[in-house]
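In the numbering used here, the protein residues as written are 414 to 492.
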């Protein structure tokens, strides 16, 4: 069994994610998100979807990006 690096649970179905050449072990996606997902620089929530980027900053949505002064970003582009 493997031990989750976030909660310490020793779990037979733990899984490994490699990020930037470093292997991480988790027992759930919740723990993986807690450790690896970026945080929106405006509202602080974890970005678990695509999010949007402006420069080096990551936002959960265009609304948060605009609130921080980003321009030209939209969440949904009409087809």
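We put the beta carbon where it would ideally sit given N, CA and C, even for glycine.
Could you please give the first and the last residue of the uninterrupted beta strand (DSSP E) stretch that includes residue i?
i: residue 480; result: Unbroken run through residue 480 is the alpha helix (DSSP H), 475-480; no beta strand (DSSP E).
i: residue 471; result: 470-472
i: residue 465; result: 465-467
Can you give me the start and stop residues for the alpha helix (DSSP H) that residue i sits inside?
i: residue 443; result: 442-449
How many Å lie between residue i and residue j at the Cα?
i: residue 461; j: residue 445; result: 10 Å
i: residue 430; j: residue 454; result: 24 Å
i: residue 427; j: residue 484; result: 41 Å
Quickly, what does DSSP pair residue i with across the bridge? List them, please.
i: residue 418; result: Paired residues: none, contrary to the question.
When DSSP labels each residue in this structure, what does residue i get in the three-state scheme?
i: residue 436; result: strand
i: residue 426; result: coil
i: residue 459; result: strand
Can you check whether the CB of residue j is closer than 7 Å to the CB of residue i?
i: residue 487; j: residue 475; result: yes
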